[in-house]
Every structure is written in C-alpha cells, then in structure tokens.
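Numbering (full-length UniProt numbering), first residue to last: 1 to 115.
Here the structure is laid out as structure tokens; the discussion comes afterwards.
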C-alpha cells in the first residue's frame, strides 16, 4: 500500500491507525502521521521534529515536504521557505469603452421607409 493512500484511508476514517501501524515500518508510520497532520500518531522513537526527520528516508522526507500541512512542514529541519506564487501574476487590463462599439449597430433592423 502506498503511503499517500494509507494517509487518505486514515483521514477518511476507512481504516483505524492501529491496524495500519501493525503492517508498516517506523519510517512509514512517521511519514503517514505527518501527512495526516497528527503528531500524536508518531511513535515514541520519533516524537520530536528532529528525530522524526532522522527516521525518514529521502523519499519520505520529500513526500512530507510536498504534501504535509504547512504547520507540520514548518517545524521540520529540512523545511525551506519558498516564495508563495510560482506562477506569473495576473495583470488586469482596462477594456476600452469603444472596444466592440462598432458591433452594436451592425444587427439593427432597417426601417422600411429608408429603402
């Protein structure tokens, strides 16, 4: 079972964490607990941010830094603050009042007297 799927099963209530802890390694338990945002699920050997960081491998660390809640990520030793918007800013343009004005009279019916 993937770690992300296991975290989703816990958050949706479809699986009890105690059942999951029986089939996962300590590194997976730590990763799942951090992804779920529940430090109280951490095992005793990884109850501090530094010890939790040391238990996880590089793949789990990367996963936590990408997907864990921000309040959890900020406390981890590997957290690096990044600029928030990574996309180009939206520039609002003012539409010209006359833009499209030539279309307003295009479809008016002609009066029979003008023919």
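Here a beta-carbon is modelled for each residue, glycine too, at the ideal position from N, C-alpha and C.
Roughly how many angstroms separate the alpha carbons of residue 5 and residue 34, rounded to a whole number?
Taking the straight line from one Cα to the other gives about 14 Å.
Bounding residues of the alpha helix (DSSP H) (the contiguous stretch that carries residue 12)
Here the alpha helix (DSSP H) through residue 12 covers 3-12.
Cβ shell of residue 36 (< 7 Å), same chain only, five flanking positions each side left out:
7, 10 and 11.
Would you call the CB atoms of residue 63 and residue 73 closer than 9 Å?
Not in contact: residue 63 and residue 73 (Cβ atoms no closer than 9 Å).
Local Cβ density within 10 Å of residue 31, reported as buried at 16 or more and exposed below that
Per the 10 Å Cβ criterion, buried.
Start and end of the alpha helix (DSSP H) containing residue 70?
Counting along the chain, the alpha helix (DSSP H) containing residue 70 begins and ends at 70-73.
Go ahead and label residue 46 buried or exposed: buried means 16 or more other beta carbons lie within 10 angstroms of its beta carbon, across all protein chains shown.
With 16 or more Cβ atoms within 10 Å of its Cβ, residue 46 is classed as buried.
Buried versus exposed call for residue 58 [16 or more other C-beta atoms within 10 Å across all chains shown]:
For residue 58, the number of other beta carbons within 10 angstroms of its own is below 16, and it is reported as exposed.
Would you identify the three-state DSSP class for residue 54, choosing helix, strand or coil?
In this structure, residue 54 counts as helix in the three-state DSSP scheme.
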